[in-house]
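In the numbering used here, the protein residues as written are 242 to 580.
This report refers to the structure that appears directly beneath it.
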Ligand SMILES: NC(=O)c1ccc[n+]([C@@H]2O[C@H](COP(=O)([O-])OP(=O)(O)OC[C@H]3O[C@@H](n4cnc5c(N)ncnc54)[C@H](O)[C@@H]3O)[C@@H](O)[C@H]2O)c1
C-alpha cells in the first residue's frame, strides 16, 4: 500500500463501538476514509452516515469485502461472528482491525491465524487500553529494567454496569458472547497484563462469580491468577457487578528494584527503599484510546509496521481466558500447553 494513497475502510457491524472507531477515522482523514458500512440492520448502518461522506451501505458484509473499493475492514460485530468475518476479509486480501475478543475457541484461532498468514494481510487487535499514555510509559520503564526482574503484576477492570436483558442483549448468552464478562470487558485487563509482564503465560487458575444478573448465562465477575515462564505471577480482577473500592489500581507491577502503579491516568514509580515519584500526571481530558488505536492502525498500514498487538497476541490472550474458564469449571490449575 503506497504511503500517498487514501486507505478505504469498510466497517462491519454498525453498533455502539463503530461510532467510536469512526471518530478515529475522522481524525485520520488525511490518510483514510470510511467508504462502506455493513450491517444486517440498514438503519443502524445509516445512523453513522451523517458523519461520513456518503459511504456505501451493505446488508451482507461478504459483498462488502468482495468490493475492490475497500482496502481494509474494521470488525465491530458480536463475538461469535468475528472468526468468519476475519477469514472472509483475509481471503479477499483486506487488512483487518478486529474488536476484542479476536475469536472464541482454539479451533477458530487456528482458522484466523491460517487465513491471515496465507493472505499476508495485517491484522490488528483493537486493544485500545494499550494506548493509555500511562501504559506506554510503564511498559518502557519495565523494558528499560527500572523494576529489575518482575515478580508480580496486577490489573483490574471493574465497574457497575446496568445489567438487564435489554442492555446486555447478545452479551448475556454464551453462544454469542463466548462466555461472560471475562471474555468481554475482561479481555482488557488480560491483554494489559500480558503486555506489561511481557513474558509467556504458562499456568492459569480462576474463580468466577455471578453476583447480580440471574438471566446472564456467564459470570459477571472473574478473579484470575496467571503464572509466567519467568516466575512472575499476574492477577486480574474484572467485573460488571460493583464499583471497586476507591484505592483499587488499574495496574501495578512489582520487581526486585521497585514498583509502579497507575489509576489509568497517572503513573507512579517507587524505587526499592526510595520515595514514590509521579512519573506522569493526569491531563485535563482523558485520552480517546479508541481514536488513538484507529489512527495507529492506519499508520501501521501506511508504514508497513507491525501493530502493537496482532493475531499472535490476540490468541495468547484468548488462551489465558479459555484456561481461566477451564480452571473454574474443573476446580484445578490449568497448564496452558494442555489446553
Ligand atoms: N474496546 C472496547 O472498550 C469495546 C467496547 C464496546 C464493544 N466492544 C466490542 O465491539 C464489538 C461490538 O460491540 P458493540 O457494543 O458495538 O455491539 P452492538 O450490539 O452495539 O453492535 C453490533 C452490530 O453488529 C450488527 N450485526 C449483527 N450481526 C451482523 C452480521 N451478521 N453482519 C453485519 N452486522 C451484524 C448488529 O446489527 C449491530 O449493529 C464486540 O466485539 C465488543 O466486545 C469493545
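Every residue gets a Cβ at the ideal spot worked out from N, C-alpha and C, and that includes glycine.
Being a predicted model, the structure only gives us computed values, none of them experimental.
- Message: If we require 3 or more residues per run, which beta strand (DSSP E) segments fall completely within the segment 266 to 299?
- Response: Unbroken beta strand (DSSP E) runs of no fewer than 3 residues, entirely contained in the segment 266 to 299, are found at 273 to 279, 297 to 299, following chain order.
- Message: Please list the terminal residues of the continuous beta strand (DSSP E) segment that includes residue 365.
- Response: As a first step, residue 365 is located in the chain shown; it is residue number 124 there, counting from the start. First-last of the beta strand (DSSP E) with residue 365: 364 to 366.
- Tell me, to the nearest whole angstrom, how far the beta carbon of residue 339 is from that of residue 254; I am working on the premise that it is less than 8 Å. Translated into positions along the chain shown, residue 339 becomes position 98. Translated into positions along the chain shown, residue 254 becomes position 13. With 8 Å as the limit, residue 339 and residue 254 do not qualify as a contact, their Cβ atoms being about 10 Å apart.
- Whose C-alpha, out of 293, 279, 283, 485, is nearest the C-alpha of residue 303? Taking the first residue of the chain shown as position 1, residue 303 is located at position 62. When the alpha-carbon of residue 303 is set against those of 293, 279, 283, 485, the nearest one is in 279.
- residue 353 CB to nearest heavy atom of ligand 1 below 8 Å: The count along the chain shown starts at 1 and reaches residue 353 at position 112. It does not: the Cβ of residue 353 is nowhere closer than 8 Å to a heavy atom of ligand 1.
- Kindly provide the ranges of any beta strand (DSSP E) runs that are 3 or more residues long and lie completely inside the segment 326 to 374, ordered along the chain. The qualifying runs are 336 to 339, 364 to 366.
- Message: Is residue 285 close to ligand 1? I mean its beta-carbon at under 8 Å from any heavy atom of the ligand.
- Response: Mapped onto the chain shown, residue 285 falls at position 44. For residue 285, the shortest C-beta to heavy atom distance toward ligand 1 is below 8 Å.
- Query: With distances taken between CB atoms, is the gap from residue 367 to residue 262 smaller than 9 Å?
  - Reply: The count along the chain shown starts at 1 and reaches residue 367 at position 126. The count along the chain shown starts at 1 and reaches residue 262 at position 21. Yes, the pair counts as a contact, with Cβ atoms nearer than the cut-off.
- Message: I want to check one thing, is the minimum distance from the CB of residue 411 to the heavy atoms of ligand 1 below 8 Å?
- Response: By 1-based counting over the chain shown, the position of residue 411 is 170. Placement of the Cβ of residue 411 at a distance of less than 8 Å from at least one heavy atom of ligand 1 is found.
- Message: Just verifying my parser: in three-state terms, what is the DSSP assignment at residue 262?
- Response: In the chain shown, residue 262 corresponds to position 21, counting from 1. In the structure shown, residue 262 adopts helical secondary structure according to DSSP, grouped into three states.
- Give the secondary structure of residue 531 by DSSP, where H, G and I count as helix, E and B as strand, and everything else as coil. One-based indexing of the chain shown puts residue 531 at position 290. Helix at residue 531.
- Please say whether residue 356 and residue 328 have beta carbons closer to each other than 9 Å? Position 87 of the chain shown, counted from the first residue, corresponds to residue 328. Position 115 of the chain shown, counted from the first residue, corresponds to residue 356. A contact, by the Cβ cut-off of 9 Å.
- Who are the near neighbours of residue 530 in its chain, counting only those whose CB is closer than 7 Å to its CB and skipping five residues on each side? Your numbering for residue 530 matches position 289 in the chain shown. Closer than 7 Å at Cβ, skipping near neighbours: 369, 370, 372, 373.
- For residue 469, name the three-state secondary structure that DSSP assigns. What you label residue 469 is simply residue 228 of the chain shown in a count that begins at 1. Secondary structure of residue 469 (DSSP, three-state): strand.
- Straight-line CA distance for residue 457 to residue 414? For the purposes of this step, residue 457 is taken as residue 216 along the chain shown, with counting starting at 1. For the purposes of this step, residue 414 is taken as residue 173 along the chain shown, with counting starting at 1. So the alpha carbons of these two residues sit roughly 7 Å apart.
- Going by alpha carbons, who is nearest to residue 250 out of 430, 517, 266? Position 9 of the chain shown holds residue 250. Per the Cα distances, 266.
- Task: Classify residue 400 as buried or exposed, calling it buried when 16 or more other Cβ atoms lie within 10 Å of its own Cβ.
- Result: The count along the chain shown starts at 1 and reaches residue 400 at position 159. Classification for residue 400: exposed.
- On a CA-only basis, which of 273, 291, 301, 274 is nearest residue 281? Give me that one, please. Taking the chain shown and counting its residues from 1, the one referred to as residue 281 is at position 40. Of the candidates 273, 291, 301, 274, the one whose C-alpha sits nearest the C-alpha of residue 281 is 301.
- Task: Using only the heavy atoms of ligand 1, determine whether one of them is closer than 8 Å to the beta carbon of residue 340.
- Result: Indexing the chain shown from 1 puts residue 340 at position 99. Residue 340 Cβ: within cutoff of ligand 1.
- Rounded separation between residue 466 and residue 442 - CA only: Numbered from its first residue, the chain shown carries residue 466 at position 225. Numbered from its first residue, the chain shown carries residue 442 at position 201. C-alpha separation (whole angstroms): 10 Å.
- Item | Candidates 348, 309, 308, of which the one nearest residue 325 by Cα | As a first step, residue 325 must be located in the chain shown, where it is residue number 84. Residue 325 has its Cα closest to that of 348, out of 348, 309, 308.
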